[in-house]
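Report on the structure given below.
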Amino acid sequence: MCMKLNYYALWKLMADLIGDLKRRGISIPPQIMNDLRSAKTMVEIAKFDRSNPDVIRRIEEYMNNLESYLLPMVRERLGKEYADMLMNKIAEAQKNMTVTEQKPEKRFPVGAPRDKHWIRIKPTEETPLDLIREISEESGLKHEVQKDGYVLIYGDKDQIKKFIKRMARRLINDASSVK
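Under the numbering used here, the first residue of the sequence shown is numbered -17, with each subsequent residue one higher.
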């Protein structure tokens, strides 16, 4: 039995923390928000491509960036007790090894045929709209930009899997060439 760290739980903890900080009027730098979005994207990719160690490495890098920025900020602005409580939650999330996955959302997006599989991607600096379009077309998928800025990608299940693997490879290759 292969045990995996529940990265979704860690991501959710960081997302909730950022939401709490914003509600308290604390500004979050754009790079931290990008890391949060990128971590979520990589967690989603890891659901389909568990064999690639670079995906896990990137998730851990994003999570480490988030923790190393947010924890000192929390200690400084919200106090030692809040920071200790947060550290306990992080430790608990890291301790809980699972093989279960997050349940997919039940919402059906407007524009996707009911007989097709679909995913939605938010374009970022790392995953620009042109790249999403290019890889979706190479994978034989349809795509459309929605009002909320997300790109709806839809088609056959196997094509969606190919798309996700191609996106993961491209992201990993781009990250490797930057370093």
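Note that beta-carbon positions come from the ideal geometry of N, C-alpha and C, so glycine has one too.
Below 8 Å on the Cβ atoms is my guess for residue i versus residue j; work out the distance and round it to an integer in Å.
i: L(-5); j: A65; result: About 13 Å; that fails the 8 Å criterion.
i: Y125; j: L113; result: In the sequence as presented, Tyr is not what sits at residue 125; that position holds His. In fact, because the Cβ distance is near 11 Å, the residues do not count as touching under 8 Å.
i: I101; j: D31; result: Between D31 and I101 the Cβ distance is about 13 Å, and since that is not below 8 Å, they are no contact.
i: L53; j: L68; result: 7 Å
i: A28; j: W(-7); result: Incorrect: roughly 11 Å between the Cβ atoms, too far for contact.
Work out the CA separation of residue j and residue i for me, nearest whole Å.
i: V25; j: G61; result: 30 Å
i: H99; j: L123; result: 10 Å
i: S121; j: T106; result: 20 Å
i: Y132; j: T23; result: 13 Å
i: A(-3); j: D97; result: 32 Å
i: A(-9); j: P95; result: 31 Å
i: G1; j: Q128; result: 24 Å
i: R151; j: P110; result: 15 Å
i: V81; j: A73; result: For V81, the predicted model reports a pLDDT of 39, less than 50, meaning its position is unreliable; a value from the coordinates is still stated below. The alpha-carbon atoms of V81 and A73 are separated by roughly 18 Å.
i: Y51; j: Y44; result: 11 Å
i: E87; j: N34; result: Summary for E87: the model assigns pLDDT 46, below 50, so the residue's position carries little reliability; its value from the coordinates is reported in the next sentence. Taking the straight line joining both Cα atoms gives about 25 Å.
i: M149; j: L3; result: 31 Å
i: R57; j: E63; result: 8 Å
i: N46; j: R115; result: 30 Å
i: I38; j: N155; result: 14 Å
i: E119; j: E108; result: 18 Å
i: K71; j: K144; result: 35 Å
Closest to residue i by CA distance: which of the options is it?
i: L18; options: D130, F145 and Y(-11); result: Y(-11)
i: I142; options: I117, Y44, A(-9) and D2; result: I117
i: R59; options: N16, K104, L(-8) and L(-1); result: L(-1)
i: L166; options: M15, A(-9), D130 and D36; result: In this structure the chain extends from -17 to 161, so residue 166 is not present and cannot be described.
i: D130; options: I38, R39, A(-9) and I103; result: I103
i: R6; options: M55, N16, N46 and R39; result: M55
i: I41; options: E63, N16 and R57; result: N16
Contact between the segment 129 to 148 and the segment 10 to 25 (3+ Cβ pairs under 8 Å): no
Unbroken stretches of the beta strand (DSSP E), 3 residues or longer, contained in the segment 93 to 140: 99 to 103, 124 to 127 and 133 to 137
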